[in-house]
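Chains Y and P, in that order, are what the protein sequence lines are.
1 is the number of the first residue of the first sequence in the working numbering; add one for each residue after it.
1 is the number of the first residue of the second sequence in the working numbering; add one for each residue after it.
Protein chains: 2
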Amino acid sequence: MSSATSSPPIILTGDRTTGPLHLGHYVGSLRNRVALQATHEQYVLLADAQALTDNADDPGKVRRNVLEVALDYLAVGIDPNATAICVQSALPTLAELTLLYLNFVSVARLERNPTIKDEIQMRGFGRDIPAGFLCYPAAQAADITAFRATLVPVGEDQVPIIEQTNELVRRLNRQAGCELLPEAKALVSKTGRLPGVDGKGKMSKSQGNAILLSTSNPQIEAAVQRMYTDPNHLRASDPGQVEGNVVFTYLDAFDPDADAVAELKAHYRRGGLGDMVLKRRLTAILQETVAPIRERRAELSRDPDFVMDVLRSGTAKASETTKRTKEAVIEGLGLFRL
Amino acid sequence: MSSATSSPPIILTGDRTTGPLHLGHYVGSLRNRVALQATHEQYVLLADAQALTDNADDPGKVRRNVLEVALDYLAVGIDPNATAICVQSALPTLAELTLLYLNFVSVARLERNPTIKDEIQMRGFGRDIPAGFLCYPAAQAADITAFRATLVPVGEDQVPIIEQTNELVRRLNRQAGCELLPEAKALVSKTGRLPGVDGKGKMSKSQGNAILLSTSNPQIEAAVQRMYTDPNHLRASDPGQVEGNVVFTYLDAFDPDADAVAELKAHYRRGGLGDMVLKRRLTAILQETVAPIRERRAELSRDPDFVMDVLRSGTAKASETTKRTKEAVIEGLGLFRL
Chain Y
1 MSSATSSPPI
11 ILTGDRTTGP
21 LHLGHYVGSL
31 RNRVALQATH
41 EQYVLLADAQ
51 ALTDNADDPG
61 KVRRNVLEVA
71 LDYLAVGIDP
81 NATAICVQSA
91 LPTLAELTLL
101 YLNFVSVARL
111 ERNPTIKDEI
121 QMRGFGRDIP
131 AGFLCYPAAQ
141 AADITAFRAT
151 LVPVGEDQVP
161 IIEQTNELVR
171 RLNRQAGCEL
181 LPEAKALVSK
191 TGRLPGVDGK
201 GKMSKSQGNA
211 ILLSTSNPQI
221 EAAVQRMYTD
231 PNHLRASDPG
241 QVEGNVVFTY
251 LDAFDPDADA
261 VAELKAHYRR
271 GGLGDMVLKR
281 RLTAILQETV
291 APIRERRAEL
301 SRDPDFVMDV
311 LRSGTAKASE
321 TTKRTKEAVI
331 EGLGLFRL
Chain P
1 MSSATSSPPI
11 ILTGDRTTGP
21 LHLGHYVGSL
31 RNRVALQATH
41 EQYVLLADAQ
51 ALTDNADDPG
61 KVRRNVLEVA
71 LDYLAVGIDP
81 NATAICVQSA
91 LPTLAELTLL
101 YLNFVSVARL
111 ERNPTIKDEI
121 QMRGFGRDIP
131 AGFLCYPAAQ
141 AADITAFRAT
151 LVPVGEDQVP
161 IIEQTNELVR
171 RLNRQAGCEL
181 LPEAKALVSK
191 TGRLPGVDGK
201 GKMSKSQGNA
211 ILLSTSNPQI
221 EAAVQRMYTD
231 PNHLRASDPG
241 QVEGNVVFTY
251 LDAFDPDADA
261 VAELKAHYRR
271 GGLGDMVLKR
281 RLTAILQETV
291 APIRERRAEL
301 SRDPDFVMDV
311 LRSGTAKASE
321 TTKRTKEAVI
331 EGLGLFRL
């Protein structure tokens, strides 16, 4: 334990490549990654193999979005010199460790994983769940341990995956008779999931309620205009409700001036503050946030070779790291080595 | 279809590396491989990764038996210049294809596989079945298709695995819109499973009723001496039963003179032929069969570097073949390529 706690934490994060990222990702994780890369060893995984676990009928979508998400990463300021941006499907070691780990976890245990249970229900899979989807906690355990990651930024709903990873780590360490792999800590985002502009559930491209990192200024303005506020706040002079008011949720997440937001909330509650004033403020803030990202993204998208080079060099670094871990696992468990 | 049927079949076979091979393997599969290698492209897979699916608590056994089984292969005459002998765990492509295929098969479909159902029951797994074990039909589909094998020698009980492989192949071909992968044909061994010397079930090292390929002449004699015959055949002059008589089953399998065996059976049935005569004949035949194998095996076991070289060059050839297939799958399904 002492070696794990004394060495600086290694961070692994990533995204399934099923669509370009949006402001929800920006406040929930991307901003943190940019901040953390200055002080931590960080790997960001383009999880295209995991994306296939429930998109096997549309591999083209998964393929195209590898580059889209990579553009998002670079555009928000993830620095390829500080963070290794790597492609999951280009790291065979992750597949090898996944298959190995599947031997150390029962089908029943995978089915009991609360994240898996929720997602099976959400996707309406029932027993027709693809086997790859049921197995993905083992794949995530492979990802996390292959990088020897000890700090994994996740949403609240993904915490059981980290717990299951640590269960596997303890099982393997017990069998190896040494600390073969470190346990990982979930770094749960303080920002809750950003709601969609319609206030219905979380922001999601497939729900059509998302502001992407490539959204234009007029599109941002239009999105904020149709943003859900307080349906009972009919006139500016009426007292309004702040809770569940999406405009205020966004101001909390994006407005750099927390005191001003607190004052606006008080004003809104006692009446006399119109939605239009708030929406103009939010529009300006979101436009300021997105504009440099969008412009950088557009610029980078004209140079796909550069982006591919970034992915190649990040994946090469990741390949070395993950292969070292595999060698240690082979040695620690006493597997065959050719 | 025409291209698949007109090109010469490629054979994939192999063994889980859980113990050295015995005469049951010899008559059931090894002899055939030696015969087939003259006319076919043949890969023989040391399935150590699959062996781990139900031996995760004893990787040492699986590791040690990679070399033991390789010695058996070379000793019976599998020629490394004609047959690529390769190590499953040293072929990451197989793990990558397995994980990919798991996305194309449902948990329910894996659970319905009769081979898996029987083996789960046989091993008393219940719901505590290791996930890797449930997934092994996808791993076998990966093995078979990675080598583009079109002919797979199997026991009767493994036929559902080939059927499930072909189901996957059809699914992938349909999605790719071309014959991305060939379907495989099961080559079911005409020789049934050789019974153990005790007549209880099939020959199996773990049952202690096996004659290994390293068994000495006195051990062979002792094994034949305790072989199950007809318990009602008390005196040589009594009529005896041939059916279920292990000595005759072995004579059928090993005696090169089928006419002589037919005569012995007739004589035994009408009475006047003692068990000892038969057992002496069988002992001599088995000793003649095993002696050259045992001697070659002992010789090879003194040169583990040679055996490792054989495995390295066979695995290198297999690596090229399987990587070509993976590239074709990436292309055909439109997956991301770095």
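For each residue, glycine too, the CB sits at the ideal point set by N, CA and C.
Since the model is a prediction, treat every value here as computed from it, not as a measurement.
Own chain partners of residue i with C-beta closer than 6 Å, once the 5 adjacent residues on each side are dropped
i, result
"L97/P", "A142 and A146"
"L12/Y", "Y43, I144, F147, A149 and V152"
"R171/P", "F104"
Length of the line joining the Cα atoms of residue i and residue j
i, j, result
"A4/P", "T325/P", "For A4/P, the predicted structure reports a pLDDT of 46, less than 50, and the residue's modelled location is therefore unreliable. A value from the coordinates is still provided. Cα-Cα distance, rounded: 15 Å."
"V242/P", "L187/P", "28 Å"
"V310/Y", "K185/P", "44 Å"
"R294/Y", "D118/Y", "34 Å"
"S423/Y", "K205/Y", "The requested residue 423/Y is not part of the displayed model; chain Y covers only 1 to 338."
"V329/P", "L335/P", "8 Å"
"L212/Y", "E68/Y", "11 Å"
"H22/Y", "A253/Y", "14 Å"
"V154/P", "A82/Y", "52 Å"
"Q37/P", "I116/Y", "47 Å"
"N173/Y", "A262/P", "60 Å"
"Q158/Y", "I120/Y", "14 Å"
"H267/P", "K279/P", "15 Å"
"A236/P", "Q207/P", "30 Å"
"A138/Y", "T289/Y", "37 Å"
"I10/Y", "R109/Y", "27 Å"
"M1/Y", "S7/Y", "Below a pLDDT of 50, predicted positions are generally treated as unreliable, and M1/Y, at 40, falls in that range; the measurement from the model is reported next regardless. Answer to the nearest angstrom: the Cα atoms are 10 Å apart."
"M276/P", "D238/P", "14 Å"
"A318/Y", "N217/Y", "37 Å"
"P20/P", "V27/P", "15 Å"
"H233/P", "R226/P", "15 Å"
"E221/Y", "T229/Y", "15 Å"
"K200/P", "N209/P", "8 Å"
"L286/P", "Q219/P", "11 Å"
"A131/Y", "C135/P", "8 Å"
"T39/P", "G14/Y", "50 Å"
"L168/P", "T215/P", "42 Å"
"N245/P", "P231/P", "9 Å"
"V76/P", "P292/P", "8 Å"
"F133/Y", "T53/Y", "5 Å"
Cut-off 7 Å between Cβ atoms - residues of its own chain near residue i, not counting five sequence neighbours on either side
i, result
"G124/P", "none"
"S301/Y", "L71"
"N166/P", "E183 and A184"
"T322/P", "L91, T93, L94, A146 and F147"
"N55/P", "T18, K61 and V62"
"I78/P", "R33, V34, Q37, V44 and I85"
Chain P residues whose Cβ lies nearer than 9 Å to that of residue i
i, result
"P160/Y", "Going along chain P, no residue has its Cβ under 9 Å from P160/Y, so there is no contact; the nearest lies around 16 Å."
Chain A within 8 Å of residue i, Cβ atoms only
i, result
"V105/P", "No chain A is present in this structure, whose protein chains are Y and P."
Closer than 7 Å at the beta carbon, the chain P residues around residue i
i, result
"T315/Y", "L338"
"G60/Y", "G334"
"A70/Y", "Residues of chain P passing the Cβ test: none, with the nearest at roughly 11 Å."
"A56/Y", "N103 and F104"
Chain-ordered neighbours of residue i on chain Y, where CB pairs are closer than 7 Å
i, result
"R63/P", "G334, L335 and F336"
"T53/P", "N103"
"G132/P", "L99, L102 and N103"
"A108/P", "R127 and D128"
Chain-ordered chain P contacts of residue i [CB-CB under 8 Å]
i, result
"V66/Y", "F336"
8 Å Cβ cut-off: residues of chain Y touching residue i
i, result
"C178/P", "In chain order: nothing, as chain Y lies at least about 15 Å away."
"R312/P", "L338"
"D48/P", "L335 and F336"
Chain-order list of residues whose beta-carbon lies under 8 Å from that of residue i (same chain, five-residue window excluded)
i, result
"F306/P", "L300"
"I162/P", "I144, V152, V154, A184, K185 and A186"
Stretch pair the segment 259-279 of chain P + the segment 42-60 of chain P: three plus CB contacts closer than 8 Å: no
Listed in chain order, which residues of the segment 84-98 of chain Y have Cβ atoms closer than 8 Å to some Cβ of chain P? V87, S89, A90, P92, T93, A95, E96 and T98
With three or more C-beta pairs closer than 8 Å as the rule, is the segment 88-102 of chain P touching the segment 90-107 of chain Y? yes
Name, going along the chain, the residues of the segment 112-130 of chain P whose beta-carbon falls closer than 9 Å to a beta-carbon of chain Y. F125, G126, R127, D128, I129 and P130
If you pair each beta-carbon of the segment 195-203 of chain P with each one of the segment 243-251 of chain P, do three or more pairs fall below 8 Å? yes
In chain order, what residues of the segment 137-152 of chain P put their CB closer than 8 Å to some CB of chain Y? A138 and A139
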